[in-house]
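K.L.:
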Amino acid sequence: MKRLLRLYPSAWRARYEAEVAELLDELPTDRSMLLDLIRGAFSERARAVWRRIPASPIPAGGPPMLEHPLQRHPTSLALLALVLVAPTFLFVFVSLLAYQLRVPGLAAAVEPVVEAFAGMPWVDLFLVGAPFLAFLVAVIPLVGIAWGRASGELHLTISLRARALNVVVLILCVLLSGLLVAYLVTEFMFEAAL
Amino acid sequence: MSESNGRDPGLLVLISLAGGPKHGHAILLDVAGFAGLRLGPGTLYGALARLEESGLIESLPMDGRRRPYHLTRGGAAALRGRLTGLDAAVRVGLRRIEVA
Numbered sequence: 017m018k019r020l021l022r023l024y025p026s027a028w029r030a031r032y033e034a035e036v037a038e039l040l041d042e043l044p045t046d047r048s049m050l051l052d053l054i055r056g057a058f059s060e061r062a063r064a065v066w067r068r069i070p071a072s073p074i075p076a077g078g079p080p081m082l083e084h085p086l087q088r089h090p091t092s093l094a095l096l097a098l099v100l101v102a103p104t105f106l107f108v109f110v111s112l113l114a115y116q117l118r119v120p121g122l123a124a125a126v127e128p129v130v131e132a133f134a135g136m137p138w139v140d141l142f143l144v145g146a147p148f149l150a151f152l153v154a155v156i157p158l159v160g161i162a163w164g165r166a167s168g169e170l171h172l173t174i175s176l177r178a179r180a181l182n183v184v185v186l187i188l189c190v191l192l193s194g195l196l197v198a199y200l201v202t203e204f205m206f207e208a209a210l
Numbered sequence: 325m326s327e328s329n330g331r332d333p334g335l336l337v338l339i340s341l342a343g344g345p346k347h348g349h350a351i352l353l354d355v356a357g358f359a360g361l362r363l364g365p366g367t368l369y370g371a372l373a374r375l376e377e378s379g380l381i382e383s384l385p386m387d388g389r390r391r392p393y394h395l396t397r398g399g400a401a402a403l404r405g406r407l408t409g410l411d412a413a414v415r416v417g418l419r420r421i422e423v424a
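For the protein sequence lines, the chains are A and B, in the order given. In case it helps, our numbering puts the first sequence at residues 17 to 210. In case it helps, our numbering puts the second sequence at residues 325 to 424.
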């Protein structure tokens, strides 16, 4: 049960962990206590995030940026975005080589794979949706949002930061989305002409 | 739980500490005794953290492995205000029930 205290924010643990651990030694453990500790951990984490938002006044140069836990791991999120977008990238890249540049033998090699996924709309949906999803995942750590009150007015500040890997993934996502949209529009016009 | 609710953990902790300094386990036993409510450790220490942060209670030096808390002057004033508000609402409610 004491392991659940690891879910709490470090500042809270530094102040209260020993006391709560002592209390847990004295109380009979049951499921309601487990749920209470988990709920308490979420509540304290939420409070730790809210505490970073300045109440007032807003200091010169604007309020400090709210750093969400997700923003502390830009590289991990960029890699996750790459994994998400990899199937679409592979599909578009191989399609270009096989059907546009007509690399010898590649179209014949790809056909069985294309046939295997034919009639699976969720595969198409994933291939089209993945770049948009990956874009969101990669952009989250680059955007900082802060708000606070000064002189009775709400001030909202949005900042962007540049992280090389995340920016590369964003550009890749935009290019892939563009290629996919162009492909879909061309195919639609081609079918309409028939 | 809402601030004005008589089962608000923060209010219950303040009422408990109004009877004198207590550590976590003693507060739990006291609250169970006068309110019939069993607070969990997460709920209790969430309330203690908020009350301590807002200056309504203070921690005292460690008593063995336990840390007692006591009500500050501000905490006593805040508790008096909350209870007075609740008392007025309770009296109005009881009077209306008797009339109905």
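For glycine and all other residues, C-beta sits at the position ideal for the given N, C-alpha and C.
1) Excluding the 5 residues preceding and the 5 following A/PHE105 in the sequence, name in chain order all residues of the same chain whose CB lies nearer than 8 angstroms to its CB.
2) Measuring only between beta-carbons, confirm whether B/ARG406 sits less than 8 angstroms from chain A.
3) Just checking: is the beta-carbon of B/THR367 within a distance shorter than 8 angstroms of some beta-carbon in chain A?
4) Measure the C-alpha to C-alpha separation of B/ARG419 and B/ARG331 and round it to an integer number of angstroms.
5) If we count Cβ pairs, one from each stretch, closer than 8 angstroms, do we get three or more for the region 141-161 of chain A versus the region 95-103 of chain A?
6) Could you give the distance in angstroms between the alpha-carbon of A/VAL201 and the alpha-carbon of A/VAL101?
7) Taking 7 angstroms as the limit between beta carbons, can you name the residues of its chain near A/ALA123, skipping five residues before and five after?
8) Taking the beta strand (DSSP E) that A/GLY164 belongs to, which residues open and close that run?
9) Exposed or buried, what is A/PRO157 when buried is set at 16 or more other beta-carbons lying within 10 Å of its beta-carbon?
10) Measuring CA to CA, which of A/ARG61, A/SER111, A/VAL36, A/VAL144 is closest to A/LEU197?
11) Where does A/TRP66 land, buried or exposed, given buried means 16+ other C-beta within 10 angstroms?
12) Report the rounded CA-to-CA distance for A/ARG212 versus A/GLY160, giving the unit in angstroms.
13) Please compile the residues from chain B whose C-beta is within a distance smaller than 8 angstroms of the C-beta of A/LEU170.
14) Leaving out the 5 sequence neighbours to the left and right, which residues in its chain are closer than 7 angstroms to A/ALA37 when beta-carbon positions are compared?
15) Here's a check: name, in chain order, each residue in its chain whose Cβ is nearer than 6 angstroms to the Cβ of A/LEU23, leaving out the five neighbours to either side.
16) Is the number of C-beta pairs between the region 333-346 of chain B and the region 24-36 of chain A that are closer than 8 angstroms three or more?
17) When you compare only the Cα positions, how much space is there between B/GLU422 and B/ASP411?
18) Around the Cβ of A/TRP138, are there at least 16 other Cβ atoms within 10 angstroms (buried) or fewer (exposed)?
19) Tell me the rounded alpha-carbon separation between B/ARG390 and B/GLY379.
20) Please compile the residues from chain B whose C-beta is within a distance smaller than 7 angstroms of the C-beta of A/VAL36.
21) So A/MET136 contacts chain B; which residues on that side make the cut at Cβ distance below 8 angstroms?
22) Would you check if the distance between the CB atom of B/GLY399 and the CB atom of B/ILE381 is smaller than 8 angstroms?
23) For the alpha helix (DSSP H) that contains B/HIS349, what are its first and last residues?
24) With distance defined between alpha-carbon atoms, name the residue in A/LEU43, A/GLY168, A/GLY164 nearest to B/LEU363.
25) Closer than 8 angstroms, CB to CB, is A/TRP66 near chain B or not?
26) Can you tell me whether DSSP reads B/SER383 as helix, strand or coil?
27) How is the alpha helix (DSSP H) around A/SER175 delimited, first residue to last?
28) Could you name the residues of the region 373-388 of chain B whose beta carbon sits closer than 7 angstroms to any beta carbon of chain A, in the order they occur along the chain?
29) For A/ILE174, which residues in the same chain have their Cβ closer than 6 angstroms to its Cβ, ignoring the five residues on either side in sequence?
30) Counting only beta-carbon separations shorter than 8 angstroms, does B/HIS394 have a partner in chain A?
P.N.:
Let me spell this out:
1) LEU188, LEU192
2) no
3) yes
4) 22 angstroms
5) yes
6) 21 angstroms
7) ALA114, TYR115
8) 159-166
9) buried
10) Correcting the residue identity first, residue 197 of chain A is Val in this sequence and not Leu. Answer by Cα proximity: A/VAL144.
11) exposed
12) Outside the shown range of chain A, which is 17 to 210, sits residue 212 of chain A, and nothing can be said about it.
13) By Cβ distance, chain B contributes nothing, its closest Cβ being about 23 angstroms from A/LEU170, past 8 angstroms.
14) LYS18, LEU21
15) ALA57
16) no
17) 17 angstroms
18) exposed
19) 20 angstroms
20) PRO365, TYR369
21) What A/MET136 touches in chain B: nothing, since even the nearest Cβ is about 46 angstroms away.
22) yes
23) 348-359
24) A/LEU43
25) no
26) strand
27) Careful: A/SER175 lies outside any alpha helix (DSSP H), inside the beta strand (DSSP E) at 169-176.
28) ALA373
29) ILE161
30) no
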